[in-house]
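Everything below concerns the one structure shown next.
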Amino acid sequence: MAVVLCVFAVAPLFHPGYFWGAHDARHSVYFLLEFDRIFQDGIWYPRWAPDFAFGYGYPIFNIYSPGVYYLAEAVHLVGLGYVEAVKIVFGLGFLLSALSMYLAAKRFLGRKGALVAAVAYTYVPYRLVDVYVRGALAESFAFVWFPLALWAFFDLIVLEKTRFLIFGALTVAALVFTHYAMAVIFLRFLALYVVVLSLAYAWRQRRYGRNFFTNTGDLAAAASRKGALALAAVLLGFGLSAIGLL
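The sequence shown begins at 636 in my numbering and counts up one residue at a time.
Printed below as a string of structure tokens:
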């Protein structure tokens with residue numbers, strides 16, 4: 636249902652033609668064209684775009700994460716053109732981000748609350764501007780990972796289970812592969828989120844008697860343990876995405 640309610644955000648993408656007037660819309664098509672040529676030449680993780688900068692080449696995929704172009708390339712290899720592939724990835728960014736917000740929010744708000752959260756997350760003005768005014772393909776797709784990361788790190792801190800450490804690491808790696816700048820911005824917020832949650836749940840354990848702490852040092856140790864798990868997940872995520880960071 637969350638995906639269905641977001642169809643109005645995707646609908647303009649079904650119109651004939653392409654929104655060439657958006658700030659970076661044409662660049663998304665050009666990047667995919669170059670990515671396809673490099674990929675077809677057997678370079679599976681491209682960094683250097685030899686046809687850019689008047690044929691002198693440019694390290695575009697060292698500057699912009701190439702993650703979304705793998706998805707667009709898969710769509711193109713099915714038989715669709717470059718423009719259609721880019722439009723489909725724009726649409727998938729809307730739909731998958733709505734789904735990820737619904738799944739994450741349902742953990743806390745129930746189905747109805749999660750549905751409201753998913754719709755709000757899709758139609759917030761910045762999301763629409765990101766696609767239809769800025770034409771920012773990778774940045775708009777990065778919104779898929781934010782709810783999943785918050786969900787993963789919440790359960791990692793509260794439950795301290797290995798599977799959530801892996802889940803958190805995968806969301807960090809996916810975000811890095813999608814958009815470097817959004818990863819830098821989001822990880823700052825994630826650090827604050829982890830600190831607050833670690834302290835809050837360590838204090839809650841003390842207050843309600845689950846591992847009662849006798850002094851502030853024990854409380855700090857418990858919070859530090861939770862924070863260390865989150866740090867391990869982030870570092871593992873960096874390891875998984877190391878090819879893009881090096």
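Heads up, the beta-carbon is just placed ideally off N, CA and C, and yes, glycines get one too.
Asked, Found
"In the DSSP assignment, what are the bridge partners of Ala787?", "In DSSP, Ala787 forms no bridge with anything."
"Below 8 angstroms on the Cβ atoms is my contact criterion, and I expect Pro685 with Gly677 to pass it. Report the Cβ-Cβ distance as a whole number of Å.", "No, Pro685 and Gly677 are not in contact; Cβ-Cβ is about 14 angstroms, not under 8 angstroms."
"So Gly770 packs on Ser700, CB below 8 angstroms; how close in whole Å?", "Not quite, the Cβ-Cβ distance comes to about 16 angstroms (not below 8 angstroms), so this is no contact."
"Confirm, please, whether the CB-CB distance from Tyr737 to Ala749 is below 7 angstroms.", "yes"
"Pull up the distance between the alpha-carbon of Phe666 and that of Tyr836, whole angstroms please.", "45 angstroms"
"Under 7 angstroms between the Cβ atoms of Leu783 and Ser735?", "yes"
"Can you check DSSP and say which residues form a bridge with Tyr693?", "Ala684"
"Taking Asp765 as part of the alpha helix (DSSP H), name the residues at either end of that continuous run.", "760-767"
"Could you round the C-beta distance between Gly872 and Val793 to whole angstroms and report it? I think they count as a contact, below 8 angstroms.", "Gly872 to Val793, Cβ: 19 angstroms. No contact."
"Out of Asp765, Lys861, Gly862, Ala752, which has the shortest C-alpha to C-alpha gap to Phe654?", "Asp765"
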